[in-house]
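2 protein chains.
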Amino acid sequence: MRKVTLQDLADTLGVARSTVSRALRADPQISVATRGRVDRLARAVGYHPNAAARALTHREAGVVGLVLPRSAHFVFANPYFAELLEGIASVAESVGLPILLSASTTPDYERWLREARVDGLLTLGSSLGESDIQRLEALAAGGAAVALVGEPIRPTDLRVLVCDERPGIDQACERLANDGHECVTLVTGPAHAPYARSRSAVWRSAAERHGLQILRSITGDDTFDAGRDAARVLLGSRCAATAWLFGNDHMAFGALHALDEAGLRSPDHVSVVGFDDVMAAALVGLSTVHQPIRELGTEAMRALAAELRQQPRSGTPLVTRFVPRRTSASPLSASRHSSEGGHIDISEP
Amino acid sequence: MRKVTLQDLADTLGVARSTVSRALRADPQISVATRGRVDRLARAVGYHPNAAARALTHREAGVVGLVLPRSAHFVFANPYFAELLEGIASVAESVGLPILLSASTTPDYERWLREARVDGLLTLGSSLGESDIQRLEALAAGGAAVALVGEPIRPTDLRVLVCDERPGIDQACERLANDGHECVTLVTGPAHAPYARSRSAVWRSAAERHGLQILRSITGDDTFDAGRDAARVLLGSRCAATAWLFGNDHMAFGALHALDEAGLRSPDHVSVVGFDDVMAAALVGLSTVHQPIRELGTEAMRALAAELRQQPRSGTPLVTRFVPRRTSASPLSASRHSSEGGHIDISEP
DNA sequence: TTGTAAGCGTTATCAA
DNA sequence: TTGATAACGCTTACAA
Chain A
-13 MRKVTLQDLA DTLGVARSTV SRALRADPQI SVATRGRVDR LARAVGYHPN AAARALTHRE
47 AGVVGLVLPR SAHFVFANPY FAELLEGIAS VAESVGLPIL LSASTTPDYE RWLREARVDG
107 LLTLGSSLGE SDIQRLEALA AGGAAVALVG EPIRPTDLRV LVCDERPGID QACERLANDG
167 HECVTLVTGP AHAPYARSRS AVWRSAAERH GLQILRSITG DDTFDAGRDA ARVLLGSRCA
227 ATAWLFGNDH MAFGALHALD EAGLRSPDHV SVVGFDDVMA AALVGLSTVH QPIRELGTEA
287 MRALAAELRQ QPRSGTPLVT RFVPRRTSAS PLSASRHSSE GGHIDISEP
Chain B
-13 MRKVTLQDLA DTLGVARSTV SRALRADPQI SVATRGRVDR LARAVGYHPN AAARALTHRE
47 AGVVGLVLPR SAHFVFANPY FAELLEGIAS VAESVGLPIL LSASTTPDYE RWLREARVDG
107 LLTLGSSLGE SDIQRLEALA AGGAAVALVG EPIRPTDLRV LVCDERPGID QACERLANDG
167 HECVTLVTGP AHAPYARSRS AVWRSAAERH GLQILRSITG DDTFDAGRDA ARVLLGSRCA
227 ATAWLFGNDH MAFGALHALD EAGLRSPDHV SVVGFDDVMA AALVGLSTVH QPIRELGTEA
287 MRALAAELRQ QPRSGTPLVT RFVPRRTSAS PLSASRHSSE GGHIDISEP
């Protein structure tokens, strides 16, 4: 099927290409009569301007690239990203910016920009290293629109969308302390990931502020399996912590699963607190720090769109809050149900 | 930043555009010497051919469109799609086909094809009506590559990827019958969605085959909320069914949530069986019919890639199987536990 | 109000 | 082995 072009329309109407072009874009200098004829014909034959040709003349693709961290598996298995994507996709649709998806670990995104396949990039999850940031800054300096979701490894002039983790984490620690917890365990995200380090630091300072001692800290990689494994280790080592604090819900889910396998339940055996408040958290009753994930996505996409139009930055600050559910309770009441006594096992935090 | 073009390279090297073009694509007719010079320079300046220009001359975009059913919210809130996307994205990456994402309810996809923005379409979830199928068939006849995931409303020559729902559903009904269930309730997906109707028919025939009476059937819209609402209705009406069968896990999760709200548990009060076996199903112990979702995604993307290259069809048949977990049990043993309430851990039957 | 023509960055078909 | 040159489909000065 040969696709219908502007020239085809012009030929059948007996006018010039340019006339058709102008008519279609409602140029006021075109007579109403011809414009009507053109519109009618275009609609009749289902004409749509060729995107490549437009991109070539306009020097812009009208598409933005979405850069996913790590593998497709990592991203899509994690409900956090599903919610983020939801926010992003809905705004993308409403502003008419198609999204090009890359789940590549190699910096595909740079090629996309150099090929002019996309006008801008939205990078998620910020497992971006220093070299990535430099690359992105260079691309932005070269005219590309760039926005990051999540705290980057260092301050940058790129648009960054984050949400303030402190209030929610502080509330969580306050609540745990008030409930009578004294010793906790921290299970954080990967040490090389800046957001994980910063979140971990926030947990630590909040714990200290509320008199919670961090008996032990484990580094996971933010996956379900990491949480499960961490929990197994903790269960095996009979750590005396009465609460486990996780860097994200996904790991907390893994821990709940491990508890379940071991025939134990939260909060009877131990309180479990997550971070993110993905939808499944409410379902399983996970106490967690709520982050407005969807809003993070919508704000990010809006920011990117604004950057494309070179509009000034404007952001609604996003904040976290603690959502207590079933998996956190006073260790005193919980200990009644607990079958195990406490062997204390203090390791370096 | 003016982007570097083929002409730029040619100018600085003092050769013709066409020479550079050929050198870069390793045309054997180019001398090794000039090819080396070209390659070196191209790499040095970070040259990448403009995608729009290529698309224009090649008459193909090198991009495929992903058509999501309904809203972004519906899709991303449903873990089924997350897993499907994972499969799709990973293959897309490995075959080097970027994915353009549309979460639009309006047939954006047709425009994308007419604009030559994409060479093919992968449509998910098949909430496609007759008119959609006709449109897609016409587009396919016009040279577009099209693949559908999920049973369409009627037979079609388009590539369709499905997985055989019968074995898993049959096993589920057999197991329920063996466990002593006699009366069940069916909560299906939307009546207008072909896949939901066909799945519902499969449930019905399997139930009949194994002597399970369907006391009642409710139509939901495949969302968490629909499952929750269905469960509330069932709880309110004191339906005598000892098992609830769902059209997908997402609705089953909603039902579990409603049970939880009512202070009831599955399988103590009622057995709950889902369909899909998304990852969260294992976490909450949902008995469900397993569908190889990720494989469905990878197969679909592979099929689309094959279609683009006009390669013959070849498919691995995908099948379902029942995965009994905690939410299904004998109604007899369950009733014993239901009076005890509280902290009891129900082990698998 | 409309037509002509140049250009966007590549590729491909000729010649040279 | 390389160089002109004509597409590809659209936009946009500049003329008419």
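Those protein sequence lines, which keep their order, are chains A and B.
All letters in the first sequence, in the order written, are residues -13 to 335 by the numbering used here.
All letters in the second sequence, in the order written, are residues -13 to 335 by the numbering used here.
In this text, a Cβ means the ideal position worked out from N, Cα and C, and glycines have one as well.
- Interface annotation for the segment 241 to 274 of chain B against chain A: LEU242, HIS243, ASP246, MET265, ALA266, ALA268, LEU269, VAL270, GLY271, criterion Cβ-Cβ distance under 9 Å.
- Within the segment 246 to 324 of chain B, the runs of beta strand (DSSP E) at least 3 residues long that lie entirely inside it are, in chain order, 257 to 262, 273 to 276, 307 to 309.
- Within the model, the alpha-carbon separation for B:PHE261 versus A:ARG21 is close to 54 Å.
- Rounded to the nearest whole angstrom, the CA to CA distance from A:LEU52 to A:THR306 is 25 Å.
- Judged by pairs of C-beta atoms under 8 Å, the segment 78 to 90 of chain B does not touch the segment 133 to 151 of chain B, as fewer than three such pairs exist.
- Here the alpha carbons of B:ASP105 and B:GLN297 stand approximately 15 Å from one another.
- If you draw a 10 Å sphere on the C-beta of A:PRO141, you find fewer than 16 other C-beta atoms in it, and that means exposed.
- One thing to note: B:ALA182 has its Cβ no nearer than 8 Å to the Cβ of B:THR171.
- In terms of CA proximity to B:ILE279, B:MET265 leads the group B:MET265, B:SER273, B:ALA291.
- When DSSP states are grouped into helix, strand and coil, B:CYS159 belongs to the helix group.
- The segment 220 to 233 of chain A makes contact with the segment 245 to 263 of chain A, as at least three CB pairs between them are under 8 Å.
- Our two residues, A:VAL148 and B:PRO93, have alpha carbons roughly 34 Å apart in a direct line.
- In this structure, A:THR313 places its C-beta atom within 8 Å of the C-beta atom of A:SER252.
- Every candidate alpha helix (DSSP H) stretch fails here, since none sits fully inside the segment 120 to 144 of chain A while reaching 4 residues.
- Scanning chain B for C-beta atoms nearer than 8 Å to the C-beta of A:HIS196 yields nothing, as the closest lies near 29 Å away.
- Around the CB of A:VAL275, 16 or more other CB atoms lie within 10 Å, so the residue is classed as buried.
- Within chain A, the residues LEU86, LEU87 have their CB atoms less than 8 Å from the CB of B:ILE85, given in chain order.
- DSSP places B:LEU242 within a helical segment (H, G or I) once states are collapsed to three.
- Taking C-beta atoms as the reference points, A:LEU201 and A:CYS225 count as a pair closer than 8 Å.
- By the Cβ test, the segment 0 to 17 of chain B is not in contact with the segment 61 to 78 of chain B, since fewer than three Cβ pairs between them sit closer than 8 Å.
- With at least 16 other beta carbons inside 10 angstroms of its own, B:PRO180 counts as buried.
- Here DSSP, grouped into helix, strand and coil, assigns A:ARG103 to coil.
- Taking the C-beta atoms as reference points, B:LEU(-8) is found no nearer than 8 Å to A:LEU42.
- Around the beta carbon of B:LEU318, a 10 Å sphere encloses fewer than 16 other beta carbons of the protein chains shown; the residue is thus reported as exposed.
- At a cut-off of 8 Å between beta carbons, A:PHE232 makes no contact with chain B.
- In the structure shown, B:ASP208 adopts coil according to DSSP, grouped into three states.
- Rounded to whole angstroms, the Cβ separation of B:ARG100 and A:HIS34 is 4 Å, and the two are in contact under 8 Å.
- Under the criterion of beta carbons closer than 8 Å, B:ALA37 and A:ARG103 qualify as touching, at roughly 4 Å.
- Using a Cβ distance threshold of 8 Å, B:ALA238 and B:LEU221 do not count as a contacting pair.
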